Every structure is written in structure tokens, then in C-alpha cells.
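Our numbering numbers the first residue of the sequence shown as 1 and each following residue consecutively.
Here a beta-carbon is modelled for each residue, glycine too, at the ideal position from N, C-alpha and C.
Here the structure is a predicted model, which means the values were calculated and not measured.
Below is one structure, written out as C-alpha cells; comments come after it.
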Amino acid sequence: MTVIVLIAAPEGLRGHLTRWMVEVNAGVFVGNPSHRVRNGLWEILSDRIRDGQVVMVEPAANEQGWSVRTAGTDRWYPVDYDGLILSARLRR
């Protein structure tokens with residue numbers, strides 16, 4: 001299963017995602033797209049997010065069973081801490 005969260009996304013991105021996934025709440029999308037479709041969606045999302053934020057949680061062959069990708073401004077970054085993926089924010 002794949003989960004995508006859009007925050008302050010430009011118009012059109014939410015509509016584009018509904019072609020492949022179900023919007024379960026405002027800006028929260030859930031689905032089971034193939035690896036190829038996920039990568040294509042990520043390219044579009046990361047290119048068009050501008051001042052917003054996007055987070056994608058997807059299946060992975062690791063201890064947690066998932067990985068995370070982020071794009072946009074003022075975002076949290078995934079950090080590998082001894083095999084455990086945690087979220088961190090850069091200090092200003």
C-alpha cells in the first residue's frame with residue numbers, strides 16, 4: 001500500500017492523483033500502484049509541488065517494511081538511524 005500526503009499543493013495535483021489513488025481525506029491519498037506508476041507519480045509531484053509539501057510512504061524491503069520520500073519547502077526529512085527511519089527537521 002502507498003500513502004501520499006499533499007500539503008498546500010498547487011491546483012491540479014490532487015486531481016491528477018485521483019486517477020491512480022483514492023483520496024480518503026483532504027490531501028491524503030491511499031492506493032496500491034505499481035512501482036513504475038509510483039515512480040512516475042513521484043516525478044510529477046516533486047516537480048510541481050513548488051511551495052507546498054508532499055510525503056510518500058511506500059512498501060520497501062527493509063526492517064520496517066516501508067520507506068518515505070519527501071519534497072517541497074519547510075519539510076521533514078527521513079533519517080536512517082541504525083536501520084530505523086525517523087523524521088527530522090533541519091535547524092534554522
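The DSSP assignment places complete beta strand (DSSP E) segments of no fewer than 3 residues inside the segment 16 to 59 at 22 to 25, 28 to 31 and 53 to 59, in order along the chain. TRP66: member of the beta strand (DSSP E) spanning 66 to 72, first to last residue.
Using a Cβ distance threshold of 8 Å, PRO59 and THR70 do not count as a contacting pair. Rounded to whole angstroms, the Cβ separation of ASP51 and THR73 is 5 Å, and the two are in contact under 8 Å. DSSP places LEU90 in the coil class of the three-state scheme, outside both helix and strand.
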